[in-house]
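> I'd like to ask some things about the structure below.
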Amino acid sequence: GEDVEQSLFLSVREGDSSVINCTYTDSSSTYLYWYKQEPGAGLQLLTYIFSNMDMKQDQRLTVLLNKKDKHLSLRIADTQTGDSAIYFCAHAGGGGNKLTFGTGTQLKVEL
Amino acid sequence: DGGITQSPKYLFRKEGQNVTLSCEQNLNHDAMYWYRQDPGQGLRLIYYSQIVNDFQKGDIAEGYSVSREKKESFPLTVTSAQKNPTAFYLCASSMGDRGVWSNQPQHFGDGTRLSIL
C-alpha cells in the first residue's frame, strides 16, 4: 500500500536553515505538497511540486524532489519562531485527487 | 473571503449519543473530505465525496456517517458505534477529479475538537 514517512521532530536555532524530509513509496505520484499546521488549527498549504520537477523555490521555501529515491524535502531559510509548527508532506497518487499524508514533523525554533 | 468553515470548534459527546460536525465551503469545490487526527499521528481519511449525492468510505469509516445533499455542505456524524471518538476532526475540499495530471490541492478548515464527557 501507499506509505509516507517523516521524522517526528526537528529543532533548530532562529536564523538557521531547517530541512524537513519525507519519503514515499507510491511511484505514480504526480503532485507533492507541503502543509503547515499551527497548534489547534487546520492545515495551511505552503507549496507544491510537480513530479517532473527537481526543485521549486518560493521565497524562503525550497522544495527538492528526488523521484528516483522517492525523497522530498522542504528547506526553510532563515527560520523564525513563527515557523514553529507541524509540517506534513502529502502526495497525489494515480488515483486522482485523493492525497496521502505523512505523519508530520514537529519543528521547534529556539532563540 | 472564500474558505471552509467548521463548527463547532469544540464539541462534547455523552455516552450513547450521536453528534454531528458541520463543514461548509464557498470555494465552489466539487470534492470534500473528512479526516481524523490523533496526537502524534498524521491524518486518516474517514469519508470523502467527489460530487453531490455521492460519497465513499475512507480508511477508518466505521462508526461514522456522512451526507452530501448540497455542494457546499458535507456534515459528519459520529455515531455511538464509534468507541473512541476523542480526536481533532478536519474537513477539506478540493476542485475534484480533473484527472491525475491536474493540480488539486486540498484546502482545510480550522477543525473541530471532539471530547467525551
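Line by line, the protein sequences are chains A and B.
Residue numbering for the first sequence follows this note's numbering, beginning at 130 and increasing consecutively.
Residue numbering for the second sequence follows this note's numbering, beginning at -16 and increasing consecutively.
Note that CB positions come from ideal geometry on N, CA and C, so glycine has one too.
(1) Which residues in chain A have a C-beta closer than 8 Å to the C-beta of Tyr31(B)? List them in chain order.
(2) The beta strand (DSSP E) with Arg81(B) in it runs from where to where?
(3) How many whole angstroms separate the CB atoms of Thr176(A) and Asp183(A), which I take to be in contact at a CB cut-off of 8 Å?
(4) Any heavy atom of the ligand HEM closer than 6 Å to the Cβ of Pro22(B)?
(5) Pick from Ser98(B), Tyr47(B) and His12(B): whose alpha carbon is nearest that of Lys53(B)?
(6) Quick one: any contact between the segment 212 to 231 of chain A and the segment 154 to 166 of chain A, if contact means 3 or more CB pairs under 8 Å?
(7) Sorted by chain position, which residues of the same chain lie with C-beta nearer than 6 Å to Met15(B)'s C-beta, five sequence neighbours on each side aside?
(8) Going by the DSSP bridge assignment, what does Asn150(A) pair with across the sheet?
(9) Can you find the residues in the same chain that come closer than 8 Å, C-beta to C-beta, to Val141(A), ignoring five residues on each side of it along the sequence?
(10) Identify whether Asp132(A) lies in helix, strand or coil by the three-state DSSP scheme.
(11) Rounded to whole angstroms, what's the CA-CA distance from Leu4(B) to Ser50(B)? Just pull it up for me.
(12) Measure the beta-carbon distance from Ser63(B) to Asn1(B) and round it to whole angstroms, keeping in mind my assumption that it falls under 8 Å.
(13) Would you grab the beta carbon distance between Ile34(B) and Gly79(B) for me? Rounded to a whole angstrom, and I think it's under 8 Å.
(14) Along the chain, where does the beta strand (DSSP E) that runs through Ile161(B) open and close?
(15) What whole-angstrom Cβ distance do Thr95(B) and Pro(-9)(B) have, given they're in contact under 8 Å?
(16) Using Cβ-Cβ distances below 9 Å, what residues of the segment 34 to 53 of chain B are close to chain A?
Answer, in terms of the structure:
(1) What Tyr31(B) touches in chain A, judged by beta-carbon distance under 8 Å, is Lys227, going in chain order.
(2) Per DSSP, Arg81(B) lies in no beta strand (DSSP E) segment and is marked neither H nor E.
(3) Beta-carbon to beta-carbon, Thr176(A) and Asp183(A) are separated by about 14 Å, too far to satisfy the 8 Å threshold.
(4) Among the components of this structure there are no ligands whatsoever, and the ligand HEM is therefore not found.
(5) When only C-alpha atoms are compared, the closest one is His12(B).
(6) In short, these stretches touch, since the Cβ pair count reaches three.
(7) So the qualifying residues of the chain are Ser32, Phe57 and Ser76.
(8) The secondary-structure analysis by DSSP pairs Asn150(A) across a beta bridge with Ser202(A).
(9) Cβ within range, chain order: Ser147, Thr208, Leu236, Lys237, Val238 and Glu239.
(10) The answer is coil: DSSP assigns Asp132(A) none of H, G, I, E or B.
(11) Here the C-alpha atom of Leu4(B) lies approximately 11 Å from the C-alpha atom of Ser50(B).
(12) Indeed they touch by this definition, with Cβ atoms about 6 Å apart.
(13) The C-beta distance from Ile34(B) to Gly79(B) rounds to 7 Å, short enough to fall under 8 Å.
(14) In this structure chain B extends from -16 to 100, so residue 161(B) is not present and cannot be described.
(15) Contact between Thr95(B) and Pro(-9)(B) holds: their C-beta atoms lie close to 6 Å from each other, under 8 Å.
(16) Residues of the segment 34 to 53 of chain B that bring their beta carbon within less than 9 Å of a beta carbon in chain A comprise Gly41, in sequence order.
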